[in-house]
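In my numbering, the protein residues as written are 8 to 293.
Rendered as structure tokens:
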């Protein structure tokens, strides 16, 4: 059957490799079924100590889903005992590690309320705020959660100015403020795009008022000038003098507050056009 001994050896070697592969697969399947069977047995067990021990074991192995399910079973029973505090905190962290930030935020907040003097209370308070921050959507969406996160982060910084988390919390506060600013600025820009120039100027002024330290303040002032000019230009003659004058005043504000702004040159065009229209109006009144 075999032309030489080497072919037979190669054939046997291939068979052994396949058998070894099948063996490993069977061992893996057996291990998985065994692990599942073991976990199911723990879930069905009435032994609280066993469930707690396994929950902690799964938690240390970063199997947060199984740990979370077991913590959910033992925490109601352990309430009022010495071990409840540590277990409940791990329960909250298991939600966080599962990226269920809504549940995590609620449990971290509850931990702070129940254990206000705990050495872990400060960390839990920060984690509550961090969860709210992670729940906040992008700037184009409704920003209720961003406002909640900002309030929680600001409260944390005010209460714990020397915390190890304060620096990071301040960065998250800055990011949240920028997101809220972007939301308002986008709304103002939309008014401008659809030709609602009065609403655009009012909205950009609102952004400036709400975020006076914004890095984009000269940008907003430029669009106020542009919006005011286009609003004046489309107004009835009896309203134009006042509205062109507003353009000139807005330009002077930009020039005084941001003399080196890159928007000065373009903004000056609208100022000069407004001045020319004002001269024309004055000449017509003579």
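Using N, Cα and C, we set each Cβ at its ideal position, and we do this for glycine too. The model shown is predicted, which means the values in this text are computed figures rather than measured ones.
Check: Please state whether DSSP places residue 97 in a helix, a strand or coil.; Outcome: helix
Check: Assign residue 81 to one of two classes, buried (16 or more other C-beta atoms within 10 Å of its C-beta) or exposed (fewer than that).; Outcome: buried
Check: Assuming residue 5 and residue 186 make a contact with CB atoms under 8 Å, what is their CB distance in whole Å?; Outcome: In the structure as shown, the chain begins at 8 and stops at 293. Residue 5 is therefore absent and cannot be evaluated.
Check: Examine the Cβ distances between the region 211-218 and the region 227-246 and report whether three or more of them are shorter than 8 Å.; Outcome: yes
Check: How far does the alpha helix (DSSP H) with residue 173 in it extend, from its first residue to its last?; Outcome: 173-200
Check: Tell me where the alpha helix (DSSP H) around residue 233 begins and ends.; Outcome: 224-240
Check: Per DSSP, what kind of secondary structure is residue 143 in: helix, strand or coil?; Outcome: coil
Check: Please classify residue 84 as buried or exposed, where buried requires at least 16 neighbouring CB atoms within 10 angstroms.; Outcome: exposed
Check: Just how far apart, CA to CA, sit residue 183 and residue 61?; Outcome: 39 Å
Check: Taking DSSP as the reference, what is the three-state secondary structure of residue 135?; Outcome: helix
Check: Hey, residue 112 and residue 138: beta-carbon distance below 8 Å or not?; Outcome: yes
Check: Ignore the nearest five residues each way along the sequence and tell me which others in residue 294's own chain have a CB closer than 7 Å to its CB.; Outcome: There is no way to answer for residue 294, as the model of the chain reaches only from 8 to 293.
Check: Among 261, 275, 252 and 203, which has the Cα closest to the Cα of residue 285?; Outcome: 252
Check: Short of 6 Å in beta carbon distance, which residues of its chain neighbour residue 218, apart from the five on each side in sequence? Order them along the chain.; Outcome: 188
Check: Return the chain-ordered list of same chain residues with a C-beta closer than 6 Å to the C-beta of residue 103, the five sequence neighbours on each side being excluded.; Outcome: 111
Check: Out of 257, 247 and 271, which one is the CA nearest neighbour of residue 291?; Outcome: 247
Check: Ends of the alpha helix (DSSP H) at residue 63?; Outcome: 55-67
Check: Between residue 153 and the rest of its own chain, which residues show a CB-CB distance below 7 Å, the 5 nearest in sequence each way excluded?; Outcome: 143, 183, 186 and 187
Check: In angstroms, rounded to a whole number, what distance separates the CA positions of residue 220 and residue 193?; Outcome: 18 Å
Check: Can you have a look at residue 263 and say buried or exposed, based on whether 16 or more other CB atoms are within 10 angstroms of its CB?; Outcome: exposed
Check: Mapping DSSP to helix, strand and coil, what is residue 52?; Outcome: coil
Check: Here's the rule: buried if 16 or more other CB atoms are within 10 angstroms of the residue's CB, otherwise exposed. What is residue 53?; Outcome: exposed
Check: For the pair the region 197-208 and the region 161-172, tell me if three or more CB-CB distances fall below 8 Å.; Outcome: no
Check: What do you reckon, are the CB atoms on residue 294 and residue 96 nearer than 8 Å?; Outcome: There is no way to answer for residue 294, as the model of the chain reaches only from 8 to 293.
Check: Does the Cβ-Cβ distance between residue 93 and residue 115 come in under 8 Å?; Outcome: no
Check: Taking Cβ positions, are residue 98 and residue 73 nearer each other than 8 Å?; Outcome: no
Check: Considering Cα atoms alone, identify which of 86, 203, 156 and 249 is closest to residue 180.; Outcome: 156
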